[in-house]
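Visitor: So the sequence shown is residues 10 to 139, counted in this note's numbering.
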Amino acid sequence: MNGNRMNKYGIFIMGVSVVMQAGGAGHEAASARDPFQPLNGAFCAPAETFSGWRMRGVIGQNARWSGWLAQQAAGWRKINTGDVLPGAWRIVRLDKRGAELIAVGRSPQCGPALKSVRLSSPFLSGAGRP
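1. In terms of residues, what are the limits of the beta strand (DSSP E) holding S130?
2. Please name the residue in K105, G91, V126 and P131 whose C-alpha comes closest to that of Q70.
3. For F45, which residues from the same chain have a beta carbon less than 8 Å from its beta carbon, with the 5 sequence-adjacent residues on both sides left out?
4. For the candidate residues V67, R42 and R86, whose alpha-carbon lies nearest to that of P131?
5. Can you check which of these residues, R102, A108, G114 and P95, is closest to A82 by C-alpha distance?
6. Do you know how far the Cα of I100 is from the Cα of G91?
7. In the DSSP assignment, find the unbroken beta strand (DSSP E) run with G69 in it and report its ends.
8. Please report the distance separating the alpha-carbon of V93 from that of L133.
9. How big is the Cα-Cα spacing for R127 and A108?
10. Just how far apart, CA to CA, sit K124 and A79?
11. Report yes if the C-beta distance between W77 and K87 is below 8 Å; otherwise report no.
12. So who's on the other strand from G76, going by DSSP bridges?
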């Protein structure tokens with residue numbers, strides 16, 4: 010009887026395995042794509058302008074700098090290197106001269122767009138001085 014029970018479970022497991030393989034064959038063909046390639050109709054957001062943001066100050070030394078940006082609609086924002094601002098702009102450099110930002114998240118298939126923005130420190134450009 011014990012051998013008979015093992016036989017039933019063996020048949021059940023083999024049956025489940027066959028069903029899973031048969032069901033997976035059609036599914037594989039339907040979903041086979043390179044996960045590292047963009048989907049058809051890649052997301053191409055309109056090129057966002059970086060208008061309205063103004064550099065209002067920087068503080069720091071060596072590789073540790075913080076800055077402040079201001080925008081009429083959004084108010085003030087403290088920034089550090091690596092931060093991502095609304096509109097998908099990453100701060101790649103921040104020092105006493107100002108900040109450099111690059112556009113992130115756009116597919117190369119989307120065509121040309123504004124790639125980088127440089128905001129000068131108000132202390133070097135004379136802006137913001139009385």
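Heads up, the beta-carbon is just placed ideally off N, CA and C, and yes, glycines get one too.
Guide: In terms of the structure at hand:
1. That residue, S130, is in no beta strand (DSSP E); it is neither H nor E in DSSP.
2. K105
3. none
4. V67
5. P95
6. 5 Å
7. R63 to Q70
8. 24 Å
9. 6 Å
10. 21 Å
11. yes
12. V67 and I88
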